[in-house]
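> In order, the protein sequences belong to chains E and V.
Going from the first sequence to this note's numbering is simple: count from 1 and add 4.
Going from the second sequence to this note's numbering is simple: count from 1 and add 2.
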Amino acid sequence: MTADAILVEGARKRYGEKEALAGLDLTVRRGTVHGLLGPNGAGKTTTVRILATLLRHDEGLVRVAGHDVRTEAREVRRRIGLLGQHAALDEELGGRQNLEMFGRLHHLGARRAGSRADELLERFGLTDTGRKPVKQFSGGMRRRLDLAASLITDPEVLFLDEPTTGLDPRGRGEVWESVRSLVGGGTTVLLTTQYLEEADRLADRISVVDEGRVVADGTADELKAKVGVDRIDVVVRDGARLDEAAALLPGERAEVSVDADRRRLSVPVADRTASLAETVRALAEAGIEAEDIALRRPTLDEVFLHLTARGTAPGADREKEVAA
Amino acid sequence: MSAAYVVSDCWTMTRRELAHWARQPVQVLVGLVFPVMMLLMFGYLVGGGRGVDGDYVDFLVPGMLTLTMVFGLEGTMTAVTQDLNKGVIDRFRAMPMTDGAVLVGRSAADMLQSTVGLLVMVGVGYAIGWRANGGPGSTLGALGLLLLLRFAMLWIGILLALVAGRAELVQAVQILVWPIGFLSNAFASPDSMPGWLGTFVEWNPMSATATAVRDLFGNPGGEPGHIGAAVVWPLVLLAVFLPLAVRKFGRLGK
Chain E
5 MTADAILVEG ARKRYGEKEA LAGLDLTVRR GTVHGLLGPN GAGKTTTVRI LATLLRHDEG
65 LVRVAGHDVR TEAREVRRRI GLLGQHAALD EELGGRQNLE MFGRLHHLGA RRAGSRADEL
125 LERFGLTDTG RKPVKQFSGG MRRRLDLAAS LITDPEVLFL DEPTTGLDPR GRGEVWESVR
185 SLVGGGTTVL LTTQYLEEAD RLADRISVVD EGRVVADGTA DELKAKVGVD RIDVVVRDGA
245 RLDEAAALLP GERAEVSVDA DRRRLSVPVA DRTASLAETV RALAEAGIEA EDIALRRPTL
305 DEVFLHLTAR GTAPGADREK EVAA
Chain V
3 MSAAYVVSDC WTMTRRELAH WARQPVQVLV GLVFPVMMLL MFGYLVGGGR GVDGDYVDFL
63 VPGMLTLTMV FGLEGTMTAV TQDLNKGVID RFRAMPMTDG AVLVGRSAAD MLQSTVGLLV
123 MVGVGYAIGW RANGGPGSTL GALGLLLLLR FAMLWIGILL ALVAGRAELV QAVQILVWPI
183 GFLSNAFASP DSMPGWLGTF VEWNPMSATA TAVRDLFGNP GGEPGHIGAA VVWPLVLLAV
243 FLPLAVRKFG RLGK
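#1: Quick one: what's got a C-beta closer than 6 Å to residue 243 of chain V's C-beta in the same chain, skipping five residues either side?
#2: Could you pull the DSSP bridge partners for residue 220 of chain V from this structure?
#3: Quick check on this structure: which residue in V:66, V:234, V:116 and V:186 has the alpha carbon closest to the alpha carbon of residue 31 of chain V?
#4: By Cβ distance below 6 Å, which residues in the same chain neighbour residue 178 of chain V in space, the five residues on each side in sequence not counted?
#5: Below 6 Å CB to CB, which residues in the same chain sit around residue 199 of chain E once its five sequence neighbours on both sides are set aside?
#6: Can you give me the start and stop residues for the beta strand (DSSP E) that residue 238 of chain E sits inside?
#7: CA-CA distance, residue 171 of chain V and residue 79 of chain V?
#8: What residues from the segment 128-156 of chain E come within 7 Å of chain V, judged by C-beta to C-beta, listed N to C?
#9: Report all residues from its chain with a CB closer than 6 Å to the CB of residue 117 of chain E; omit the five preceding and five following residues, and keep chain order.
#10: Go ahead and label residue 334 of chain E buried or exposed: buried means 16 or more other beta carbons lie within 10 angstroms of its beta carbon, across all protein chains shown.
#11: Is any beta-carbon of chain E found at less than 9 Å from that of residue 10 of chain V?
#12: By the 10 Å Cβ neighbour count, where 16 or more other Cβ atoms means buried, how is residue 136 of chain E classified, buried or exposed?
#13: Spatial neighbours of residue 85 of chain V within its chain, please: C-beta separation below 8 Å, excluding the five flanking residues on both sides.
#14: Among V:188, V:201 and V:210, which residue has its Cα nearest to the Cα of residue 64 of chain V?
#15: How far does the beta strand (DSSP E) with residue 210 of chain E in it extend, from its first residue to its last?
#16: Helix, strand or coil for residue 121 of chain E per DSSP?
#17: Taking the DSSP output, what are the residues bridged to residue 71 of chain E?
#18: Should residue 235 of chain V and residue 196 of chain V be called a contact, given that it needs their Cβ atoms to be closer than 9 Å?
#19: Cβ of residue 60 of chain V within 9 Å of Cβ of residue 136 of chain V?
#20: Using a Cβ-Cβ cutoff of less than 7 Å, which residues in the same chain neighbour residue 11 of chain V once the five nearest sequence positions on both sides are dropped?
#21: For residue 90 of chain E, which three-state DSSP category applies?
#22: When you compare each of E:204, E:278, E:191 and E:177 to residue 10 of chain E by their alpha carbons, which one comes out closest?
#23: Which one of V:19, V:87 and V:66 has the shortest CA to CA distance from residue 169 of chain V?
#24: Measuring only between beta-carbons, confirm whether residue 78 of chain E sits less than 9 Å from chain V.
#25: Terminal residues of the continuous beta strand (DSSP E) containing residue 263 of chain E?
#26: Do residue 30 of chain E and residue 211 of chain E have their beta-carbon atoms positioned less than 9 Å apart in this structure?
#27: Using a Cβ-Cβ distance cut-off of 9 Å, determine whether residue 95 of chain E contacts chain V.
#28: For residue 255 of chain V, does the count of other Cβ atoms within 10 angstroms reach 16, so buried, or fall short, so exposed?
#29: Quick check on this structure: which residue in E:263, E:235 and E:203 has the alpha carbon closest to the alpha carbon of residue 247 of chain E?
#30: Please classify residue 19 of chain E: does DSSP put it in a helix, a strand, or coil?
#31: What residues of chain V sit near residue 92 of chain E, judged by a beta carbon separation below 7 Å?
#32: Give the C-beta separation of residue 47 of chain E and residue 213 of chain E to the nearest angstrom, bearing in mind that I take them to be a contact with Cβ-Cβ under 8 Å.
#33: Going along chain V in order, which residues have a C-beta closer than 7 Å to the C-beta of residue 88 of chain E?
#34: Along the segment 31-57 of chain E, where does the CB come closer than 8 Å to a CB of chain V? Name the residues.
#35: Look up residue 84 of chain E in the DSSP assignment and give the residues it is bridged to.
#36: State whether the segment 119-136 of chain E contacts the segment 90-105 of chain E, with contact taken as three or more CB pairs (one from each stretch) at a distance under 8 Å.
Here's what the structure looks like:
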């Protein structure tokens with residue numbers, strides 16, 4: 005038994021011209037939640053599909069739960085659970101039918117598969133779904149059933165590929181709660197997400213992925229320290245007084261960025277609320293009217309501006325990740 | 003991987019297909035009614051049958067049974083294509099189950115449906131005056147040859163779906179099976195066709211089955227000596243397409 009639940013060294017994967025993984029390295033310790041954070045097309049899904057034995061990598065070493073995904077795929081499959089971006093359920097069948105079928109395919113035996121299905125339905129609050137086919141489930145219910153299906157055998161390693169994309173806030177909260185309750189049981193979780201907040205809430209450590217490589221990793225606090233501190237944004241009503249206002253903001257004048265077109269000033273601040281109060285007072289005393297004053301955390305855009313030299317922001321024009 | 007797991011995995015996947023039927027009985031019914039409709043249309047509306055000695059219904063029914071087996075290919079292809087485009091395939095592939103159990107489940111269910119379909123067609127054939135005159139052994143042998151052809155077509159359908167994997171290509175195949183089905187002796191005797199076409203038709207594997215089945219049923223158009231070809235042709239197709247399909251499924255995503 006090695007200490008690492010996931011070990012990836014120099015993984016490469018190419019789709020035609022496009023290099024989806026360009027030498028990705030990743031180590032995830034047993035019993036931890038690890039976040040894989042990155043924009044669309046960064047290689048997150050490709051990484052998960054390779055780890056889950058669904059896709060074969062071109063080069064590099066990839067081991068999951070102590071087994072090589074290429075040569076010992078079946079051993080890996082016995083130890084993993086997968087929650088992909090799209091529900092991996094039989095839409096025509098009911099919730100219990102799905103779970104029972106997956107239990108049988110995990111070789112639990114008919115009786116145990118049935119009782120395990122009932123346990124999971126109970127745990128995820130799906131007992132009252134009866135024979136209703138999955139295609140009639142709500143998004144949140146479907147996601148919970150999908151999660152239940154990935155937990156049939158209490159996997160050593162669980163992959164969650166953008167588990168909350170497309171869910172409303174309530175569905176998102178449900179999934180987060182379920183993931184948190186799992187972690188107590190000693191399961192290792194690899195979570196991909198585009199949302200900094202999600203990684204922040206759930207993950208012990210985070211790897212930031214861009215262009216098929218890990219560009220930074222650490223705890224959420226470590227990454228935030230790298231990215232920078234909170235900022236105050238001010239939109240001044242009278243564009244002519246922009247420079248005057250800039251001089252009044254807390255901190256060094258040189259750190260204030262000025263967007264003249266939008267009449268907006270932005271400055272990093274160390275002391276959050278005190279700086280905000282000071283800004284409001286200084287502007288009021290000078291008689292400068294502000295349309296908007298906001299204190300905010302660094303955005304994911306800024307994480308990427310900071311961590312990638314090219315300054316590519318998520319949501320910018322990118323090829324959609326190939327989900328083969 | 004013990005043999006018991008192989009059997010249980012294949013059975014679980016077959017049960018899945020049967021559960022789908024239970025959920026969509028209308029679809030199953032339409033699948034059974036379509037060939038019956040074809041039989042009645044050709045028996046009563048198109049009629050005739052060029053170059054056929056004897057009663058046309060007696061000639062037509064074995065031909066239609068054969069054609070139904072061949073057309074099964076598109077049904078299989080459609081079902082596999084739909085399945086491949088669903089997320090659930092990812093879950094199956096990331097599980098420690100037997101390679102190919104998904105395909106075996108599909109083929110078992112399709113064979114079961116085809117057997118039921120065949121019996122319905124035989125029943126309707128009887129109702130419109132067709133008779134099997136060859137004795138019970140020969141009749142069972144004929145049904146066996148038909149199902150063997152269906153089994154071969156099934157694996158061609160699976161492979162086509164795995165290779166093409168898109169709904170538009172299913173449509174192309176749905177159209178192409180018509181000329182292939184008609185370039186056989188299912189509806190007319192090759193003797194009535196221009197020489198080169200007749201030769202092609204006689205070489206169509208479907209014609210071998212149709213001729214052998216007519217022989218076994220004691221119907222017009224049957225000739226002795228075609229049973230060997232009706233056994234060998236499907237086996238050759240199976241030997242090529244079954245391993246290719248299983249291999250292709252195992253290599254999805256590679």
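Just so it is clear, CB atoms sit at the ideal spot from N, CA and C, and this is done for glycine as well.
All values derive from a computational prediction rather than experimental measurement.
Concretely, from the data shown:
#1: Translated into the one-based positions of the second sequence, residue 243 of chain V becomes position 241. Only 157, 158 and 161 meet the Cβ criterion.
#2: For the purposes of this step, residue 220 of chain V is taken as residue 218 along the second sequence, with counting starting at 1. In DSSP, residue 220 of chain V forms no bridge with anything.
#3: Within the second sequence, residue 31 of chain V is the residue found at index 29, counting from 1. For residue 31 of chain V, the nearest C-alpha among the options comes from V:116.
#4: What you label residue 178 of chain V is simply residue 176 of the second sequence in a count that begins at 1. No residues qualify anywhere along the chain.
#5: Indexing the first sequence from 1 puts residue 199 of chain E at position 195. The answer is none, since no qualifying residue turns up.
#6: Stepping through the first sequence from its first residue, residue 238 of chain E is reached at position 234. Segment 235-240, the beta strand (DSSP E) holding residue 238 of chain E.
#7: The sequence position of residue 171 of chain V within the second sequence is 169, counting from 1. The sequence position of residue 79 of chain V within the second sequence is 77, counting from 1. C-alpha separation (whole angstroms): 10 Å.
#8: 137 and 153
#9: Locating residue 117 of chain E in the first sequence gives position 113, counting from the first residue. By the criterion of a C-beta distance shorter than 6 Å, residue 117 of chain E is surrounded in its chain by 104, 107 and 108, once the five residues flanking it on both sides are discounted.
#10: With chain E covering 5 to 328 only, the question about residue 334 of chain E has no answer from this structure.
#11: Numbered from its first residue, the second sequence carries residue 10 of chain V at position 8. Closer than 9 Å to some Cβ of chain E, the Cβ of residue 10 of chain V qualifies, so yes.
#12: Here residue 136 of chain E refers to the residue found at position 132 of the first sequence. So residue 136 of chain E ends up on the exposed side.
#13: The residue you call residue 85 of chain V lines up with position 83 of the second sequence. Hits under 8 Å: 91, 104 and 108.
#14: Taking the first residue of the second sequence as 1, we reach residue 64 of chain V at position 62. Among V:188, V:201 and V:210, the Cα nearest to that of residue 64 of chain V belongs to V:188.
#15: Translated into positions along the first sequence, residue 210 of chain E becomes position 206. Where residue 210 of chain E is concerned, the enclosing beta strand (DSSP E) stretches over 209-214.
#16: By one-based count along the first sequence, residue 121 of chain E stands at place 117. Reduced to three states, the DSSP call for residue 121 of chain E is helix.
#17: For the purposes of this step, residue 71 of chain E is identified with residue 67 of the first sequence, where counting begins at 1. Paired residue(s): E:68.
#18: On the second sequence, position 233 is the one that residue 235 of chain V refers to. On the second sequence, position 194 is the one that residue 196 of chain V refers to. Contact flag unset, no.
#19: Here residue 60 of chain V corresponds to residue number 58 of the second sequence, with the count starting at 1. Here residue 136 of chain V corresponds to residue number 134 of the second sequence, with the count starting at 1. No, the Cβ-Cβ distance between residue 60 of chain V and residue 136 of chain V is not below 9 Å.
#20: Residue mapping note: residue 11 of chain V aligns to position 9 of the second sequence, counting from 1. Hits under 7 Å: 99, 100 and 103.
#21: Taking the first sequence and counting its residues from 1, one reaches residue 90 of chain E at position 86. For residue 90 of chain E, the three-state secondary structure derived from DSSP is coil.
#22: The residue labelled residue 10 of chain E in the question sits at position 6 within the first sequence. Of E:204, E:278, E:191 and E:177, the residue nearest in Cα terms is E:191.
#23: Reading the second sequence from its first residue, position 167 is the one you call residue 169 of chain V. Cα-wise, what sits closest to residue 169 of chain V is V:87.
#24: Counted from its first residue, the first sequence places residue 78 of chain E at position 74. At least one chain V Cβ lies under 9 Å of residue 78 of chain E.
#25: To locate residue 263 of chain E, count along the first sequence from 1; it is residue 259. Start and end: 261-263.
#26: Here residue 211 of chain E refers to the residue found at position 207 when the first sequence is read from its first residue. Here residue 30 of chain E refers to the residue found at position 26 when the first sequence is read from its first residue. The answer is yes: Cβ separation under 9 Å.
#27: Taking the first sequence and counting its residues from 1, one reaches residue 95 of chain E at position 91. For residue 95 of chain E, the answer is yes, since a Cβ of chain V falls inside 9 Å of its Cβ.
#28: Start at 1 with the first residue of the second sequence, and residue 255 of chain V comes out as number 253. It is exposed - the Cβ of residue 255 of chain V has fewer than 16 other Cβ atoms within 10 Å.
#29: On the first sequence, residue 247 of chain E is found 243 positions in, with the first residue counted as 1. With distances taken between Cα atoms, residue 247 of chain E lies closest to E:263.
#30: Within the first sequence, the letter at position 15 stands for residue 19 of chain E. It is a strand residue.
#31: Counted from its first residue, the first sequence places residue 92 of chain E at position 88. Correct list: 89, 90, 92 and 93.
#32: By 1-based counting over the first sequence, the position of residue 47 of chain E is 43. By 1-based counting over the first sequence, the position of residue 213 of chain E is 209. With 8 Å as the limit, residue 47 of chain E and residue 213 of chain E qualify as a contact, their Cβ atoms being about 6 Å apart.
#33: Residue mapping note: residue 88 of chain E aligns to position 84 of the first sequence, counting from 1. 89 and 92, listed in chain order.
#34: 53, 56 and 57
#35: Within the first sequence, numbered from 1, the residue matching residue 84 of chain E stands at position 80. For residue 84 of chain E, which the question treats as bridged, DSSP gives the partners E:161.
#36: Yes, they touch.
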